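The numbering of the sequence shown is this note's numbering, which starts it at 5 and goes up by one.
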Amino acid sequence: MENDYLLRQLTNEERMLVNSEVIKNQKSAAAAYLLWFFAGIIGAHRYYLGKTASAIAMTLTVVLTFGIGTIVTVIWMLVDVFAIGGWLEDDRLRLEKQAALEILARRSPPDAHAWAKPAAPQPVPRQPVTPKPVELHPELKGQDNPTQDHDDSWDDF
Numbered sequence: 005m006e007n008d009y010l011l012r013q014l015t016n017e018e019r020m021l022v023n024s025e026v027i028k029n030q031k032s033a034a035a036a037y038l039l040w041f042f043a044g045i046i047g048a049h050r051y052y053l054g055k056t057a058s059a060i061a062m063t064l065t066v067v068l069t070f071g072i073g074t075i076v077t078v079i080w081m082l083v084d085v086f087a088i089g090g091w092l093e094d095d096r097l098r099l100e101k102q103a104a105l106e107i108l109a110r111r112s113p114p115d116a117h118a119w120a121k122p123a124a125p126q127p128v129p130r131q132p133v134t135p136k137p138v139e140l141h142p143e144l145k146g147q148d149n150p151t152q153d154h155d156d157s158w159d160d161f
């Protein structure tokens, strides 16, 4: 699923390169099944597929029990024959993801500034505002309080 997203970001040529890398580096199904068939009792197929801890457990089960643990490892082998296909697919997906990520990492971003955080807007310098003198109406120029042009005698009522 994640690989699909990565592969959609690649060109056709880049996808072909990913496929060639996967084919070149993936584990062989034939080798895995042959190891399972001929040396599966000691976990040889698990060593090949990178399951080292459980492969060591299989080997030690046979060796330390002087062959009595073979019954356990035979059952383990029968389970493994069905798991090998999934392990091979997991390996293929891992290689595909690794190759796609390497190609994407080599790319330079289309616009170096596209990934940058936008700069904060700079304040615009303002000119100081000087208030204009208020000019009074010519009829009001001589009065002390030009807003008081009515008779206050009626305010007491």
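Glycine included, C-beta positions come from ideal geometry on N, C-alpha and C. Just so you know, these numbers come straight off a predicted model, no measurement behind them.
Which value, in whole angstroms, describes the spacing of the CA atoms of I46 and Q13?
-> 43 Å
For V26 versus E106, is the C-beta distance shorter than 8 Å?
-> no
Check whether the Cβ atoms of G73 and T63 lie closer than 8 Å to each other.
-> no
Residues near V165 by beta carbon distance below 6 Å, same chain, minus five either side | Since the first and last residues shown for the chain are 5 and 161, residue 165 lies out of range.
Could you give the DSSP three-state label for H117: helix, strand or coil?
-> At H117, the pLDDT of 49 sits below 50, so the modelled position is not reliable and the matter cannot be decided from this model.
Could you tell me the boundaries of the alpha helix (DSSP H) in which T65 lies?
-> T56 to L68
Could you check the C-alpha separation between K28 and I79 for me, to the nearest Å?
-> 33 Å
State the DSSP-derived secondary structure class of T15, mapped to helix, strand or coil.
-> coil
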